[in-house]
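Q: Each residue of the sequence shown is one higher than the one before, starting from 2 at the first, in the numbering used here.
Let me begin by handing over the structure; questions about it come next.
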Amino acid sequence: MPTVSFEISESVLAGLRDDPDQFGRDLRLAAAVKWYETGKVSQGRAAEIAGLSRAEFLVALARFGTTPFQASPREISKEISSG
């Protein structure tokens, strides 16, 4: 499995009050949520990126205030009216 690494200053970690491992997990989750929100990845792939089950990822979406639905309200309305 490929590994991605980068440097971050101690002051950033101290400011967030995170250890490097927690920071890495939080960063993976934030990226997965954003990529899911923008439609770049599916819900299942986003959960995989975040290192969570799909159920855990759905809970995380709620914490971030992100809808679990990738269709827009307009698309849903159109689907309902044509159905």
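Quick reminder that beta carbons are idealized off the backbone N, C-alpha and C, glycines included.
Just reading off the alpha helix (DSSP H) that R1 is part of, what are its end residues?
A: Shown here, the chain extends from 2 to 84; a query on residue 1 therefore has no answer.
Q: Of the residues L17, L28, G16 and L53, which one's Cα is nearest the Cα of F7?
A: L28
Q: Going straight from the alpha carbon of R26 to that of P3, what length do you get?
A: 16 Å
Q: Inspect the beta-carbon positions of A47 and A33 and report whether they are closer than 7 Å.
A: yes
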